[in-house]
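Beneath this line is the structure, given in C-alpha cells, with notes to follow.
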Amino acid sequence: MSQQTAAPAEALRLPDAARDGYHQCWYPIAMSQEVAAGKVISKEFLDGRVVVWRGADGVARVHSAFCRHMGADLGVGSVEGNHLRCIFHRWEYGGDGRCVKIPVTDAIPPRARLFNFPTEEKWGLIWAFNGEKPLYDLPHFPTLSEDQIAHSVFECAPLPVPTWLIVGNTHDFQHVRAVHNATMEKEPEDFDMSGMTVEFKNEVTDPNMGFSKQHFKLFGTNTVAFENKFEKMLIMSMYSGTPINGGRTKGYTVTATPRIPNVDVQAILARGEAFGKNIMAEDDVLLYTIRFKPEMPIAADRHLMLWLQRAARFPAAHPSQSFIT
Ligand code: FES
Ligand SMILES: [Fe+2]
Numbered sequence: 664m665s666q667q668t669a670a671p672a673e674a675l676r677l678p679d680a681a682r683d684g685y686h687q688c689w690y691p692i693a694m695s696q697e698v699a700a701g702k703v704i705s706k707e708f709l710d711g712r713v714v715v716w717r718g719a720d721g722v723a724r725v726h727s728a729f730c731r732h733m734g735a736d737l738g739v740g741s742v743e744g745n746h747l748r749c750i751f752h753r754w755e756y757g758g759d760g761r762c763v764k765i766p767v768t769d770a771i772p773p774r775a776r777l778f779n780f781p782t783e784e785k786w787g788l789i790w791a792f793n794g795e796k797p798l799y800d801l802p803h804f805p806t807l808s809e810d811q812i813a814h815s816v817f818e819c820a821p822l823p824v825p826t827w828l829i830v831g832n833t834h835d836f837q838h839v840r841a842v843h844n845a846t847m848e849k850e851p852e853d854f855d856m857s858g859m860t861v862e863f864k865n866e867v868t869d870p871n872m873g874f875s876k877q878h879f880k881l882f883g884t885n886t887v888a889f890e891n892k893f894e895k896m897l898i899m900s901m902y903s904g905t906p907i908n909g910g911r912t913k914g915y916t917v918t919a920t921p922r923i924p925n926v927d928v929q930a931i932l933a934r935g936e937a938f939g940k941n942i943m944a945e946d947d948v949l950l951y952t953i954r955f956k957p958e959m960p961i962a963a964d965r966h967l968m969l970w971l972q973r974a975a976r977f978p979a980a981h982p983s984q985s986f987i988t
C-alpha cells in the first residue's frame, strides 16, 4: 500500500464547520431569474441567512439578512433605487452594505453595515464567496468559455450531508460502477489536489448514454464542472453545492453544450438535464441515509481518500457569522 493510500480513519480529521468554519468557496445562492431589478429575497446560507437583491442598476448583491438596527429580515424589506430598505424603521443600506439613511436622524452609527459578500453572476446563478476576498476565480467549464456555449440551470432538492461529501463522489470510482452501473474504461492517474482547483480525465461507458471521454475540473470543495464528449455531441454539466442550515446542502446544476449552427441545442440541453437528474436520483437514497465514516478505506478508495485529505486542509473560515446568525 503506498503512503497515499494509507490514510487511516483516526488520522483523518474530517472538515467540521462548527469547529473550523466553512470552506472558503464560491457558493451559488440563488438563480438569476429569482431576483429581478428592484427585488430582494432572503435565503439560507451557511448557518444563517442572507439577502440577494438587485437595485435599479441591475447589479446583484449578497449581504447578511438581518438589519443592524434591531434584526428585521431585510428580505421582507424593499429595494428603493439602489438602496435596500428595512421594513421596520426604514433604515436604508447602499450597494456596499453600509447604512446610508436613517429617516429620523443624520447621525448614522459607523458600525451600521451589513456583511458584504463578494458577489458575481454567471451561468444563470448569483454566487457569493465565503470570505472578505475570493481566493480563486468563479467556476467555469474545463475548456469552453461562456460565449461559445448555450446553458440552462435548475435547482436540486437539499440533501442532509455536507457539500464536500457530495462533490467527493466524483472521486469515488467504485461508486461510479456500483451505483451508476457505468464501466470505467480508463481511470485517471493520480492527480494534483494541492491547489484551489483539481483537474482530471477519464473514460467511461454509461448504460444510457454510451461511451464518453470526460474532462473534470473541480473548484474549491463544492463545485464540479465536467465535459462529456460522446461520439456525436458534447454535454457539459456543473454541479455546485451550498451549505445551508442544519448541516444540509442545497445544489444547482448548470447544463451546457456548444452553440453549433443547425444543431438543436435545446434538445441536447434537455438530454443533458435528464442525464444529470437521473445520476442524482441514483445517488439520492444513499445521500439521504448515510452517516459518513471512512473507517476502512481500501486501495481502490485511493482518490476519494486524497479528496478527503484535501477537504480536511482546505481553507475554512466564518467571517460573516455574527452578521448572518
Ligand atoms: S430593524 Fe431595521 S430599521 Fe429598525
Ligand atoms: Fe453518484
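Our numbering puts the sequence shown at residues 664 to 988.
Ideal Cβ positions, reconstructed from N, Cα and C, are used throughout, including at glycine.
Proximity to residue i [Cα-Cα], best of the options
| i | options | result |
| --- | --- | --- |
| Glu-697 | Thr-905, Glu-818, Ser-985 and Gln-687 | Glu-818 |
| Ser-903 | Pro-797, Arg-934 and Leu-788 | Leu-788 |
| Asn-885 | Gly-873, Asn-832, Asn-865 and Val-842 | Asn-832 |
| Ala-723 | Pro-906, Arg-934 and Ala-791 | Ala-791 |
| Ile-750 | Gly-744, Gly-734, Gly-758 and Gly-757 | Gly-734 |
| Glu-850 | Gln-837, Val-861, Ala-841 and Thr-860 | Gln-837 |
| Gly-701 | Gly-721, Trp-689 and Ser-695 | Gly-721 |
| Pro-823 | Leu-949, Gly-711 and Lys-892 | Leu-949 |
| Gly-1024 | Trp-827, Gly-718, Phe-986 and Cys-730 | Coverage of the chain is limited to positions 664 through 988, which leaves residue 1024 absent and any answer about it impossible. |
| Val-839 | Val-703, His-686 and Ala-963 | Ala-963 |
| His-686 | Leu-932, Glu-784 and Gly-910 | Gly-910 |
| Asp-835 | Pro-957, Arg-717 and Ser-983 | Pro-957 |
| His-814 | Lys-895, Arg-934 and Glu-894 | Arg-934 |
| Ser-983 | Pro-870, Tyr-951 and Gly-794 | Gly-794 |
| Val-715 | Ala-845, Asp-947 and Phe-778 | Phe-778 |
| Glu-783 | Asp-736, Arg-774, Arg-717 and Ala-845 | Arg-717 |
| Glu-852 | Val-861, Ala-845 and Asn-844 | Val-861 |
| Leu-932 | Pro-870, Met-899 and Thr-952 | Met-899 |
| Phe-893 | Thr-905, Pro-870 and Pro-906 | Pro-870 |
Separation of residue j from residue i, as counted between CA atoms
| i | j | result |
| --- | --- | --- |
| Ala-674 | Met-856 | 18 Å |
| Ala-979 | Asp-927 | 43 Å |
| Pro-781 | Ile-692 | 12 Å |
| Asn-865 | Leu-807 | 18 Å |
| Glu-707 | Gly-760 | 18 Å |
| Leu-967 | Met-847 | 15 Å |
| Pro-924 | Glu-809 | 17 Å |
| Ser-741 | Glu-755 | 9 Å |
| Glu-743 | Glu-936 | 37 Å |
| Ala-699 | Leu-747 | 14 Å |
| Phe-854 | Pro-772 | 51 Å |
| Asn-891 | Phe-874 | 9 Å |
| Asp-800 | Thr-768 | 41 Å |
| Met-664 | Met-959 | Confidence in Met-664 is poor, its pLDDT being 39 and thus under 50, which makes the residue's placement unreliable; the coordinate value appears in the next sentence. Taking the straight line from one Cα to the other gives about 14 Å. |
| Gly-858 | Gly-711 | 28 Å |
| Asn-908 | Gln-972 | 24 Å |
| Ala-681 | Ile-987 | 15 Å |
| Lys-940 | Ala-770 | 53 Å |
| Glu-945 | Phe-977 | 28 Å |
| Lys-630 | Arg-922 | Because the chain is modelled from 664 through 988, residue 630 falls outside the range shown and cannot be assessed. |
| Ile-765 | Cys-730 | 12 Å |
| Trp-970 | Lys-876 | 22 Å |
| Met-943 | Arg-774 | 44 Å |
| Tyr-951 | Ile-961 | 24 Å |
| Gln-667 | Val-703 | Low confidence applies here, because Gln-667 scores a pLDDT of 47, under 50, leaving its location unreliable; read the following figure in that light. Taking the straight line joining both Cα atoms gives about 48 Å. |
| Ser-985 | Asp-947 | 33 Å |
| Lys-895 | Asn-844 | 22 Å |
| Pro-906 | Asp-679 | 12 Å |
| Ile-953 | Asp-736 | 34 Å |
Cβ-Cβ distance between residue i and residue j below 8 Å
| i | j | result |
| --- | --- | --- |
| Phe-804 | Ala-888 | yes |
| Val-713 | His-726 | yes |
| Cys-762 | Arg-776 | yes |
| Leu-709 | Ala-975 | no |
| Gly-684 | His-981 | yes |
| Ala-719 | Asn-745 | yes |
| Phe-938 | Met-872 | yes |
Beta-carbon separation (whole angstroms), residue i vs residue j, contact threshold 8 Å
| i | j | result |
| --- | --- | --- |
| Pro-802 | Met-901 | 6 Å |
| Thr-912 | Ile-812 | Between Ile-812 and Thr-912 the Cβ distance is about 26 Å, and since that is not below 8 Å, they are no contact. |
| Val-917 | Val-842 | So it is not a contact: roughly 22 Å between Cβ atoms. |
| Pro-797 | Trp-689 | 7 Å |
| Glu-738 | Ser-695 | Note that residue 738 is Gly in the sequence shown here, rather than Glu. Contact flag wrong, Cβ pair sits at about 17 Å. |
| Leu-897 | Thr-920 | 6 Å |
| Phe-863 | Phe-882 | Wrong, their Cβ atoms sit about 13 Å apart, outside the cutoff. |
Contact test: residue i Cβ vs ligand 4 heavy atom, cutoff 7 Å
| i | result |
| --- | --- |
| Pro-772 | Looking at this structure, you won't find ligand 4 anywhere; what it does contain is ligand 1 and ligand 2. |
Within-8 Å CB hit, residue i to chain D
| i | result |
| --- | --- |
| Leu-967 | The structure shown contains no chain D; it holds only a single protein chain. |
Around ligand 2, which residues pass a check of Cβ closer than 5 Å to any of its heavy atoms? Asn-832 and Asp-946
Listed by chain order, which residues have C-beta atoms less than 7 Å from any heavy atom of ligand 1? Cys-730, His-732, Met-733, Gly-734, Ala-735, Cys-749, Phe-751, His-752, Arg-753 and Trp-754
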